[in-house]
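Protein chains: 2
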Amino acid sequence: MVTALRDVFRAKGWDGASLSDLSRATGLSRAALYHHFPNGKADMAAAALDDVERRLGAELFAPLAGEGAPEARFARWLDGIAAYYRNGDLGCLLGALSLGQDEHKLRPRVEDGFTRWIEALARLADERGAAPADARASAVAVVALIQGALTLARATSSSAPFETALRAAPHILFGNRSA
Amino acid sequence: MVTALRDVFRAKGWDGASLSDLSRATGLSRAALYHHFPNGKADMAAAALDDVERRLGAELFAPLAGEGAPEARFARWLDGIAAYYRNGDLGCLLGALSLGQDEHKLRPRVEDGFTRWIEALARLADERGAAPADARASAVAVVALIQGALTLARATSSSAPFETALRAAPHILFGNRSA
DNA sequence: GTCTATAATAGGATAGAC
DNA sequence: GTCTATCCTATTATAGAC
Numbered sequence: 001m002v003t004a005l006r007d008v009f010r011a012k013g014w015d016g017a018s019l020s021d022l023s024r025a026t027g028l029s030r031a032a033l034y035h036h037f038p039n040g041k042a043d044m045a046a047a048a049l050d051d052v053e054r055r056l057g058a059e060l061f062a063p064l065a066g067e068g069a070p071e072a073r074f075a076r077w078l079d080g081i082a083a084y085y086r087n088g089d090l091g092c093l094l095g096a097l098s099l100g101q102d103e104h105k106l107r108p109r110v111e112d113g114f115t116r117w118i119e120a121l122a123r124l125a126d127e128r129g130a131a132p133a134d135a136r137a138s139a140v141a142v143v144a145l146i147q148g149a150l151t152l153a154r155a156t157s158s159s160a161p162f163e164t165a166l167r168a169a170p171h172i173l174f175g176n177r178s179a
Numbered sequence: 001m002v003t004a005l006r007d008v009f010r011a012k013g014w015d016g017a018s019l020s021d022l023s024r025a026t027g028l029s030r031a032a033l034y035h036h037f038p039n040g041k042a043d044m045a046a047a048a049l050d051d052v053e054r055r056l057g058a059e060l061f062a063p064l065a066g067e068g069a070p071e072a073r074f075a076r077w078l079d080g081i082a083a084y085y086r087n088g089d090l091g092c093l094l095g096a097l098s099l100g101q102d103e104h105k106l107r108p109r110v111e112d113g114f115t116r117w118i119e120a121l122a123r124l125a126d127e128r129g130a131a132p133a134d135a136r137a138s139a140v141a142v143v144a145l146i147q148g149a150l151t152l153a154r155a156t157s158s159s160a161p162f163e164t165a166l167r168a169a170p171h172i173l174f175g176n177r178s179a
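Protein sequence lines, in the order shown, are assigned to chains U and R.
Once you know that position 47 of the first sequence is 47 in full-length UniProt numbering, the rest is easy, because the numbers rise by one and skip nothing.
Once you know that position 140 of the second sequence is 140 in full-length UniProt numbering, the rest is easy, because the numbers rise by one and skip nothing.
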């Protein structure tokens with residue numbers, strides 16, 4: 001059920017995801033949703049964030065910090081990313097929730113999610129011997145690249161930008177970029 | 001007036017931008033807005049797209065195709081981009097409108113806008129001698145990078161990701177990346 | 001051209017039956 | 001736990017005065 005909610009937020013964002021949408025996706029009435037999530041949409045989005053964090057943490061970010069060459073781990077991670085986003089057909093929950101509701105409670109969680117992505121990738125670049133500042137800059141660039149590629153994929157109804165971005169990612173994370 | 005509308009869409013996206021928001025930003029009543037834009041929000045967003053296309057076309061993309069070394073033109077373009085997005089404080093209209101309203105009339109225009117960005121940058125990489133496919137891939141990566149950096153900047157309330165992305169952009173567009 | 005007033009609808013949320 | 005029914009508010013849109 002949470003995955004159904006999650007997918008609505010991924011596809012429509014905070015403002016676009018109405019209770020009717022969420023009700024339809026889950027097969028539950030609006031009132032029934034309030035039984036599971038007393039605070040309404042905010043609780044549903046929080047549950048979706050929980051689900052994504054738990055799932056991606058276990059399947060993608062744990063192996064990323066495992067053993068083997070950094071390049072090989074990153075390549076596996078990219079494969080996982082491609083699968084999770086279905087080659088660009090699905091959006092990113094963090095990105096979708098970053099627009100809208102100005103003052104809401106989810107903001108820190110979204111920010112935190114992005115920070116974790118960046119730190120995990122920065123560690124990888126760091127292992128390869130990059131200077132800390134360069135490692136972080138490369139990691140930021142890779143996360144931005146993937147986020148933007150999902151935006152382009154959605155806007156153009158094509159998976160091509162996403163695939164292009166994933167191919168470029170290793171060069172950006174590990175490539176020799178001075179300053 | 002159109003720039004006020006534009007900025008609301010940039011900040012809140014299609015779903016988040018209500019007529020009340022647009023009315024407040026312009027200082028006009030909702031009814032007065034309908035006088036200028038008979039079809040409501042859709043017309044306002046279209047006018048915002050017109051404004052952005054005209055403005056960026058003249059100030060950024062025309063000089064990009066001008067004379068001088070590609071690297072220098074690209075550097076000036078990046079300066080213009082930084083100014084237009086106020087170092088990441090403002091969002092991208094295309095990106096903001098890419099989420100929401102499933103079937104609406106603006107979709108082709110958003111797609112077209114992104115396509116023009118990509119083609120302009122691809123020409124630049126092409127001038128530098130990149131193979132056509134590589135030039136296009138690099139251009140896609142740069143547009144995605146900038147888009148994603150704006151998402152990160154908004155999510156983290158920091159201009160740092162945006163500035164990092166702009167520094168990385170020349171290496172991605174012109175750097176030696178083999179396939 | 002802009003306003004006030006108003007309609008019609010959708011969204012968010014709650015009450016209470018089962 | 002899930003439903004129907006309901007409420008309140010916000011949103012989109014229109015009518016008509018000035």
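Here a beta-carbon is modelled for each residue, glycine too, at the ideal position from N, C-alpha and C.
CB contact below 7 angstroms: Thr151/R versus chain U: yes
Do you know how far the Cα of Trp77/R is from the Cα of Ala69/R? 12 angstroms
At least one CB of chain U closer than 7 angstroms to the CB of Asp126/R: is that the case? no
Taking Cβ positions, are Glu111/R and Ala153/U nearer each other than 7 angstroms? no
Can you check the segment 55-98 of chain U for any alpha helix (DSSP H) of at least 4 residues that lies completely inside it and give the ranges in chain order? 70-84 and 93-97
Using a Cβ cut-off of 7 angstroms, pull out every chain R residue sitting near Ser98/U, in sequence order please. Thr151, Arg154 and Ala155
Cα-Cα, which of Asp50/R, Ser23/R, Val2/R and Leu150/R is closest to Ala96/R? Leu150/R
Enumerate in chain order the residues of its own chain whose CB-to-CB distance from Glu59/R is below 7 angstroms, with the five nearest sequence positions on each side excluded. Gly80
Please name the residue, chosen from Ala72/R, Leu5/R, Asp15/R and Ala46/R, that lies closest to Leu28/R on a Cα-to-Cα basis. Leu5/R
For chain U, check one thing: does any of its Cβ atoms lie closer than 7 angstroms to the Cβ of Pro38/R? no
Contacts around Leu173/R, its chain only, beta-carbon distance under 6 angstroms, and the 5 residues preceding and following it disregarded: Ala125, Ser138 and Val142
Would Ser159/R and Gly100/R qualify as a contact pair, given that the criterion is a beta-carbon distance under 7 angstroms? no
Using the beta-carbon of each residue, which ones in chain R are nearer than 7 angstroms to Pro161/U? Val140 and Ala144
Span of the alpha helix (DSSP H) holding Gln101/R? Looking at the DSSP string, Gln101/R is not in any alpha helix (DSSP H), and its letter there is neither H nor E.
Would you say Phe61/U faces chain R, with C-beta separation under 7 angstroms as the test? no
Here's the rule: buried if 16 or more other CB atoms are within 10 angstroms of the residue's CB, otherwise exposed. What is Thr164/U? buried
Straight-line Cα distance separating Pro108/U from Asp21/R: 24 angstroms
Short of 9 angstroms Cβ to Cβ, which residues in the segment 64-82 of chain R face chain U? none
Given a threshold of 16 other Cβ atoms within 10 Å of its Cβ, counted over all protein chains shown, does His35/U qualify as buried or as exposed? exposed
Residues of chain R with CB under 8 angstroms from Leu94/U, in chain order? Ala155
Taking the alpha helix (DSSP H) that Arg154/R belongs to, which residues open and close that run? Pro132 to Thr156
Identify whether Leu28/R lies in helix, strand or coil by the three-state DSSP scheme. coil
Chain-ordered residues of the segment 105-118 of chain R with a beta carbon less than 9 angstroms from chain U: Arg107, Val110, Glu111, Gly113, Phe114, Thr115 and Ile118
Rounded C-alpha distance that separates residue 222/R from Leu64/R: This structure leaves residue 222/R out entirely; chain R is present only between 1 and 179.
When the cut-off is 7 angstroms and only beta carbons count, does Asp15/U lie next to chain R? yes
If you measure from the beta carbon of Thr164/R to each beta carbon in chain U, is any gap under 7 angstroms? yes
Under 8 angstroms between beta-carbons, which chain R residues line up against Lys41/U? List them in chain order, please. Within chain R, no residue comes near Lys41/U; the closest Cβ sits about 13 angstroms away, beyond 8 angstroms.
May I ask which residues mark the beginning and end of the alpha helix (DSSP H) holding Phe114/R? Arg107 to Glu127
Which listed residue (Gly40/U, Phe9/U and Asn39/U) has its alpha carbon closest to that of Ala25/U: Phe9/U
If you count every other CB in all the chains shown that lies within 10 Å of the CB of Arg136/R, and 16 or more means buried, which is it? buried
Secondary structure at Gly16/R, three-state DSSP: helix, strand or coil? helix
Count the other CB atoms, across all protein chains shown, that sit within 10 Å of the CB of Ser157/U; report buried if there are 16 or more and exposed otherwise. exposed
Note down, in chain order, each residue of its chain lying with its Cβ closer than 7 angstroms to the Cβ of Ser23/U, except the 5 sequence neighbours on either side. Ser29, Arg30 and Leu33
Please decide whether residue 181/R counts as near chain U, where near means a Cβ-Cβ distance under 7 angstroms. Lying outside 1 to 179, the shown extent of chain R, residue 181/R is not represented and no answer is given.
With a cut-off of 7 angstroms, does the C-beta of Ala48/R fall near any C-beta of chain U? no
Could you list which residues in chain R have their beta carbon closer than 8 angstroms to that of Ala32/U, in chain order? Neighbours of Ala32/U on chain R: none; closest Cβ ~24 angstroms, over 8 angstroms.
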